[in-house]
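In the numbering used here, the protein residues as written are 43 to 132.
The C-beta atom is built at its ideal place from N, Cα and C for all residues, glycine as well.
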């Protein structure tokens with residue numbers, strides 16, 4: 043069962059462009075979904091890659107950038123624009 047976060051929860055959005063021509067629309071949809079869930083988007087990390095990093099999805103540099111933004115904003119969630127594998131979820 044999916045549990046909806048409490049309204050006002052601070053989140054960081056992480057979006058990677060793998061060359062999808064609809065990337066900007068998917069990023070807009072991600073923002074709208076977060077807003078419709080009552081979440082407070084406090085940061086956005088974007089990147090462009092040819093393929094996913096097997097371990098981190100975004101690569102070590104972007105993972106560090108996401109971590110820094112989460113720490114600075116005290117965000118409680120990070121929402122990605124793609125599905126993560128169980129290894130990447132850690």
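For residue j and residue i, the rounded distance between their alpha carbons
i           : j          : result
residue 104 : residue 80 : 26 Å
residue 63  : residue 52 : 29 Å
residue 121 : residue 90 : 17 Å
residue 85  : residue 65 : 18 Å
DSSP state of residue i mapped onto helix, strand, coil
i           : result
residue 57  : strand
residue 126 : coil
residue 106 : helix
residue 77  : helix
Cβ separation of residue i and residue j, assumed to be a contact under 8 Å, to the nearest whole Å
i          : j           : result
residue 54 : residue 110 : Contact flag wrong, Cβ pair sits at about 10 Å.
residue 83 : residue 56  : About 11 Å; that fails the 8 Å criterion.
Proximal residues to residue i (C-beta, below 7 Å), its chain only, five neighbours per side dropped
i           : result
residue 107 : 87
residue 112 : 54 and 120
Beta-carbon proximity list for residue i, same chain, < 6 Å, skipping 5 on both sides
i          : result
residue 59 : 65 and 90
residue 68 : 123
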